[in-house]
Amino acid sequence: MYKDGDAVLVNGCKRGDRRAMSQLVSHYQQPVFNAAYRILGNLDDAADATQTVFLKVFEHISDYDEKFKFFSWIYRIAVNECLNQLKKRRTQESLDDDEVSPWQGPAEELDSKQLRERVQDALMSLGDDYRTVVILKHISACSYQQISEILQLPEKTVKSRLYSARQLLKKALENEPTISPG
Amino acid sequence: MTVMQEQNQTESTPVDQRILDLLNASIDGEISAAEQGEIDALLASSESLRDLDKQLRATAKLLDELPVLEPPLYLQGSIERQVRLPADGAKRGNPRVLGQWLGSQWLRTGLALAAGVVLTFGVYEMGSRPISTGDVENLSGTMVKKVPTGQQGKLIDSVQLDTAQFDGLVELRNTDDVFSLDVRLNSEDPMEVVVNISGRGLDFDGATHTRGPDDAVAVRDGTIHLASSGENHFTVKLRRTSDLQQIEPIGLDFIVKDQLVRKAELTISRF
Chain A
0 MYKDGDAVLV
10 NGCKRGDRRA
20 MSQLVSHYQQ
30 PVFNAAYRIL
40 GNLDDAADAT
50 QTVFLKVFEH
60 ISDYDEKFKF
70 FSWIYRIAVN
80 ECLNQLKKRR
90 TQESLDDDEV
100 SPWQGPAEEL
110 DSKQLRERVQ
120 DALMSLGDDY
130 RTVVILKHIS
140 ACSYQQISEI
150 LQLPEKTVKS
160 RLYSARQLLK
170 KALENEPTIS
180 PG
Chain B
0 MTVMQEQNQT
10 ESTPVDQRIL
20 DLLNASIDGE
30 ISAAEQGEID
40 ALLASSESLR
50 DLDKQLRATA
60 KLLDELPVLE
70 PPLYLQGSIE
80 RQVRLPADGA
90 KRGNPRVLGQ
100 WLGSQWLRTG
110 LALAAGVVLT
120 FGVYEMGSRP
130 ISTGDVENLS
140 GTMVKKVPTG
150 QQGKLIDSVQ
160 LDTAQFDGLV
170 ELRNTDDVFS
180 LDVRLNSEDP
190 MEVVVNISGR
200 GLDFDGATHT
210 RGPDDAVAVR
220 DGTIHLASSG
230 ENHFTVKLRR
240 TSDLQQIEPI
250 GLDFIVKDQL
260 VRKAELTISR
270 F
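The listed protein sequences derive, respectively, from chains A and B.
Residue numbers for the first sequence follow numbering that gives the first Met the number 0, so the first one is 0 and each next one is one higher.
Residue numbers for the second sequence follow numbering that gives the first Met the number 0, so the first one is 0 and each next one is one higher.
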């Protein structure tokens, strides 16, 4: 996911090279879209957020400081954009709409799609800080150090949030006997 | 739930915090060989720790196995059409020159007069009944109707244009049954944009534009014609009249000095 050639492409964009821009979009649209979907829990919102992230990235490409990794920068913009969207959404929706719907089907009907939906629901039940760390670790495959760079948090905080989040997820999933992680 | 509240909920686990940290670091593969040896020894001697390890690894596995989703097919093209790189701006002229123009007394006076004319038309049209395609067949000239300004509604599709003769950006937005077509053009020569909505289940419902001497909006035979020169911004309002789930793309023809320079489409199939 993290290309060595990012710096070359970014410099190309700064010179107005639209092919370089196209390659950066091509490299990063999928990871940004997936992270956005897991944070926002909605495909349309994830597509809108991804679009906004790239427009912001290229609008400010001249300000990008090359001593930082490009992927850290784009992920930071993506996480901030998604969290801002969530804040806006929560002002418009009632709390009831955010609650995880209870599992109602019989155990034998639980297929992999439903399992993934329940895992996503469990993710959405976490606080934003916890969910963001879990997504960067498990969806975006970032290391502790990379998450620390993206979120601008000490590595120690990243670890403690990640561990707490996993325990909370374990508990959330344990409440569904058919998908108990144990 | 706050971080502190959630933290407190996890504190009931009867395992030393350092051991828990080692367990998690081991799951993430971010642990030294010495620490791994330490946690292996602890796991060998504690059944409850082995259970916890198993459960945490299973949770991590569920997360790792979430599928990677493909972004919508339109996304990359839509992003690329809207992105303006720093050098694009330089190519389109120096904004300071525009600032000097706008700063001149005669231009300010001219703009004030033009704004007055636009306002007069706008007030007149606000009081009239809604315009449908049928009402305006073969109509030509300029019309101004009350249309929401600015970027309103959800962005559906866009086309960025960068040709030798002109450049511009067309965006299609949607709110409920109303589509807003935002057309920004910049050309030295007079040009025309033909918007084909025939058979799309859409009705023309008004337009606004920044007024120039040769600029006009006309509707005929299911097509909307936007005549422009210089820098111009049209907002065309379209109202959906059909319940079709799949609407054909809106066709756009860009004509400069009677020559077709570019064709494009705006897709609204997401609805």
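For glycine and all other residues, C-beta sits at the position ideal for the given N, C-alpha and C.
In this text, all values refer to a predicted model and were calculated from it rather than measured experimentally.
Looking at the secondary structure, which residues open and close the alpha helix (DSSP H) in which residue i lies?
i	result
A/I73	F69 to Q91
B/S44	A32 to S44
A/R117	S111 to M123
B/N64	In the sequence as presented, Asn is not what sits at residue 64 of chain B; that position holds Glu. No alpha helix (DSSP H) holds B/E64; DSSP gives it neither H nor E.
A/D44	L42 to E58
B/N23	Q16 to I26
A/I134	D127 to H137
Taking only three categories from DSSP, how would you classify residue i?
i	result
B/D175	coil
A/K66	coil
B/H232	strand
A/N10	helix
B/I78	helix
A/L167	helix
B/P189	strand
B/H224	strand
A/Q144	helix
B/R56	helix
B/L72	coil
I need the straight-line Cα distance from residue i to residue j, nearest angstrom please.
i	j	result
B/K53	A/Q84	36 Å
B/K144	B/V194	Note on B/K144: pLDDT 38, under 50, position unreliable in the model; no value is reported.
B/R80	A/H26	17 Å
B/E34	B/D27	13 Å
B/S228	B/V158	19 Å
A/H137	B/V177	41 Å
A/V133	B/S179	39 Å
A/L152	B/L184	45 Å
B/T222	A/Y143	57 Å
B/A32	B/A59	21 Å
B/G98	B/S186	Confidence is the limiting factor: at B/G98 the pLDDT is only 40, short of 50, which leaves the residue's position unreliable, though a coordinate-based value still follows. One C-alpha to the other measures close to 19 Å.
A/G126	A/K87	16 Å
A/T51	B/L61	30 Å
A/R130	A/I38	7 Å
How far does the beta strand (DSSP E) with residue i in it extend, from its first residue to its last?
i	result
B/K262	Q258 to L265
A/H26	Element bounds for A/H26: not the beta strand (DSSP E) but the alpha helix (DSSP H), R17 to L39.
B/V218	A215 to R219
B/H208	L201 to H208
B/D156	K153 to D161
B/V255	I249 to V255
Under a Cβ-count criterion, where at least 16 other Cβ atoms within 10 Å of its own Cβ denotes burial, should residue i be classed as buried or exposed?
i	result
B/T207	buried
A/V7	exposed
B/G205	buried
A/F67	exposed
B/D156	buried
B/S44	exposed
B/P66	exposed
B/A24	buried
A/N174	exposed
So, at 8 Å on beta carbons, what are the nonlocal neighbours of residue i in its own chain, with the 5 sequence-adjacent residues on each side left out?
i	result
A/S71	Q145, E148 and I149
B/K262	G250, L251, D252 and F253
A/S61	K13
Return the chain-ordered list of same chain residues with a C-beta closer than 6 Å to the C-beta of residue i, the five sequence neighbours on each side being excluded.
i	result
A/R18	none
Enumerate in chain order the residues of its own chain whose CB-to-CB distance from residue i is below 7 Å, with the five nearest sequence positions on each side excluded.
i	result
A/Y36	L42 and A45
B/I130	At B/I130 the pLDDT is 38, less than 50, meaning the model places this residue with poor confidence; the figure from the coordinates comes in the next sentence. So the list reads K144, F203, D204 and G205, once near-sequence residues are dropped.
A/L161	V132, V133 and K136
B/S241	G200
Output yes if chain D places a C-beta closer than 9 Å to the C-beta of residue i; else output no.
i	result
A/I60	The chain labelled as chain D is not found among the protein chains of the depicted structure, namely A and B.
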